[in-house]
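Okay, structure first, notes after.
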Amino acid sequence: RSISITNVLTEGVPGQELGNQISTRYLHYPKEFWTPYPFPAISSGDPAWVQNKSGNSWGFYSQGLTCLRSMLWMEKSGHAKEMEEVREKWVASWANSKTTQFGQELHPITGQPSDCSQYYSSCMLYFLHAIRRLYGI
Numbered sequence: 005r006s007i008s009i010t011n012v013l014t015e016g017v018p019g020q021e022l023g024n025q026i027s028t029r030y031l032h033y034p035k036e037f038w039t040p041y042p043f044p045a046i047s048s049g050d051p052a053w054v055q056n057k058s059g060n061s062w063g064f065y066s067q068g069l070t071c072l073r074s075m076l077w078m079e080k081s082g083h084a085k086e087m088e089e090v091r092e093k094w095v096a097s098w099a100n101s102k103t104t105q106f107g108q109e110l111h112p113i114t115g116q117p118s119d120c121s122q123y124y125s126s127c128m129l130y131f132l133h134a135i136r137r138l139y140g141i
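Going by my numbering, the sequence shown opens with residue 5, and the numbers climb by one from there.
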């Protein structure tokens with residue numbers, strides 16, 4: 005169970021009804037992808053979900069690119085409130101971080117940035133978008 009499930013939602017493949025079912029069952033369920041800092045690369049309920057290394061781990065961390073892509077489907081599918089929650093969490097994590105080097109990913113439980121891919125453009129773009137949407141800056 006990987007975050008690539010969002011790719012079909014981004015493209016609108018399943019349609020509104022099935023997309024909402026997928027979103028409710030997996031993406032907005034705490035035992036799957038709705039961790040304190042959504043959306044981990046692998047479901048938190050999957051045995052493969054293990055923080056197995058520092059840096060870029062597509063088996064654990066929540067990815068900035070996934071959050072950036074989530075803008076393409078969440079609000080359109082009636083999840084504006086949840087999208088705002090994700091924005092708030094990501095902005096708070098980076099604003100409270102001891103680093104100014106926007107990395108690729110956050111720890112899905114603690115929100116701590118990983119130590120890989122410094123100055124990752126997707127994360128920076130998502131941060132800027134989130135600030136603009138949340139605070140009108």
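Backbone N, C-alpha and C define an ideal beta-carbon position, used for all residues, glycine too.
From a predicted model like this one, the values you see are computed outputs, not experimental measurements.
Per DSSP, the continuous alpha helix (DSSP H) segment holding T14 begins and ends at 9 to 14. With contact defined as three or more Cβ pairs closer than 8 Å, the stretch 48 to 56 and the stretch 12 to 22 are not in contact.
Between H111 and Y65, the C-beta spacing is below 8 Å. In the DSSP assignment, I113 falls outside any alpha helix (DSSP H), carrying neither H nor E. The way I'd put it, the stretch 38 to 49 does touch the stretch 94 to 111; three or more beta-carbon pairs between them come closer than 8 Å.
Between L76 and T14, the C-beta gap is smaller than 8 Å, which places the two residues in contact. With fewer than 16 other Cβ atoms inside 10 Å of its own Cβ, R136 counts as exposed. L132 and A99 have their C-alpha atoms roughly 12 Å apart.
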